[in-house]
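For the sequence shown, counting from 1, position 262 maps to 261 in numbering that gives the first Met the number 0; every step adds exactly one. Heads up, the beta-carbon is just placed ideally off N, CA and C, and yes, glycines get one too.
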Amino acid sequence: MTAAASSPPAPPDAFSLRGRTALVTGARRGIGAAIAAGYAAAGADLILLARDAALEDTLEAIKENGGGEATVITADFADPAAVEAAAIEVATRRPIDILVNNAGTIRRAAAAETTAEDWRHVIDVNLNSTWAITRPIGAAMVARGGGKVITIASLLSFQGGITVPAYTASKHAIAGLTKALANEWGPSGVQVNAIAPGYISTDNTTDLRADPEREAAIRDRIPAGRWGRPDDLVGAAVFLASAASGYVNGHVLAVDGGWLAR
0 MTAAASSPPA
10 PPDAFSLRGR
20 TALVTGARRG
30 IGAAIAAGYA
40 AAGADLILLA
50 RDAALEDTLE
60 AIKENGGGEA
70 TVITADFADP
80 AAVEAAAIEV
90 ATRRPIDILV
100 NNAGTIRRAA
110 AAETTAEDWR
120 HVIDVNLNST
130 WAITRPIGAA
140 MVARGGGKVI
150 TIASLLSFQG
160 GITVPAYTAS
170 KHAIAGLTKA
180 LANEWGPSGV
190 QVNAIAPGYI
200 STDNTTDLRA
210 DPEREAAIRD
220 RIPAGRWGRP
230 DDLVGAAVFL
240 ASAASGYVNG
250 HVLAVDGGWL
260 AR
């Protein structure tokens, strides 16, 4: 028997984002800023939705990566109604081909000491505002017959964590919402996926990295032997936004240096 011919490698254009408009939330720094710059390098036009307009570093990185002038809009992610209003306005003015839900927050406290205010704040920012922006923009994608939705999940979409009950609940919900929307919107040509970063050096992990014992325990479990960097998420984000991932839907892609494999 002769071996079946292997498929040729995907051409570089399969990963191009030229001619597409991407809306990235929470792009002032960290993962969101890295993804925005990566999308600029891949050819996308950028719209940045942030809590405030202080995005000078991100805008400079976009230009350095070959992008043009990015559009900046503001909304408080702790106010889902304001986020929904901003999303509806954007969706009526300009077709969005790629939506990256990156904005998020974390508050650390033992479950028994977590206040109602802390719980509501985390759920509003991480889950309710994600829904508030995804529903109208996703609906417009369905009406046009195509689009990409990518939400930043977490290792705590799979695990329970310690002293972050609201964050864990929100990220489990993001994984479920990703699958639910993939089921509904997939037939219309819209792929809905998520990225679950491992332990990345960002503001959200400052407290962990400042604790010598906790930092060492985390790093020792990662087969890659180091904490991740925001740039480590860019390749996955470009893949899920591009034609190369046209048959990937409802997936939560871990980018964790091997943490979940340990």
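Beta-carbon separation of residue i and residue j under 8 Å?
| i | j | result |
| --- | --- | --- |
| PRO222 | GLY245 | no |
| ASP230 | ALA33 | yes |
| LEU58 | GLY42 | no |
| ALA60 | LEU45 | no |
| PHE76 | ALA243 | no |
| GLY29 | THR201 | yes |
| LEU47 | ALA69 | yes |
| VAL189 | GLY145 | yes |
| ALA240 | LYS178 | no |
| VAL247 | TYR38 | no |
| VAL163 | ARG107 | yes |
According to DSSP, what are the bridge partners of residue i?
| i | result |
| --- | --- |
| GLN158 | None; GLN158 has no bridge partner. |
| LYS147 | ILE97, GLN190 |
| THR20 | ASP44 |
| GLY227 | ILE199 |
| THR177 | None; THR177 has no bridge partner. |
| ALA49 | THR73 |
| VAL254 | PRO196 |
Please report how far the alpha carbon of residue i lies from the alpha carbon of residue j, in whole angstroms.
| i | j | result |
| --- | --- | --- |
| VAL124 | THR104 | 7 Å |
| MET0 | HIS250 | Confidence is the limiting factor: at MET0 the pLDDT is only 42, short of 50, which leaves the residue's position unreliable and the question unanswerable from this model. |
| THR167 | ALA21 | 27 Å |
| ALA165 | ILE122 | 7 Å |
| GLU183 | LEU155 | 25 Å |
| PRO211 | ILE136 | 43 Å |
| ARG261 | GLY227 | 16 Å |
| GLY25 | THR73 | 10 Å |
| ILE87 | ALA181 | 21 Å |
| ARG92 | GLU214 | 45 Å |
| THR113 | GLY65 | 44 Å |
| LEU259 | GLY31 | 23 Å |
How would you call residue i, buried or exposed, if buried means at least 16 neighbouring beta carbons within 10 angstroms?
| i | result |
| --- | --- |
| ARG220 | exposed |
| ILE161 | exposed |
| ARG19 | buried |
State yes or no: is the beta carbon of residue i nearer than 8 Å to at least one beta carbon in chain C?
| i | result |
| --- | --- |
| ALA41 | No chain C appears in this structure, which consists of one protein chain only. |
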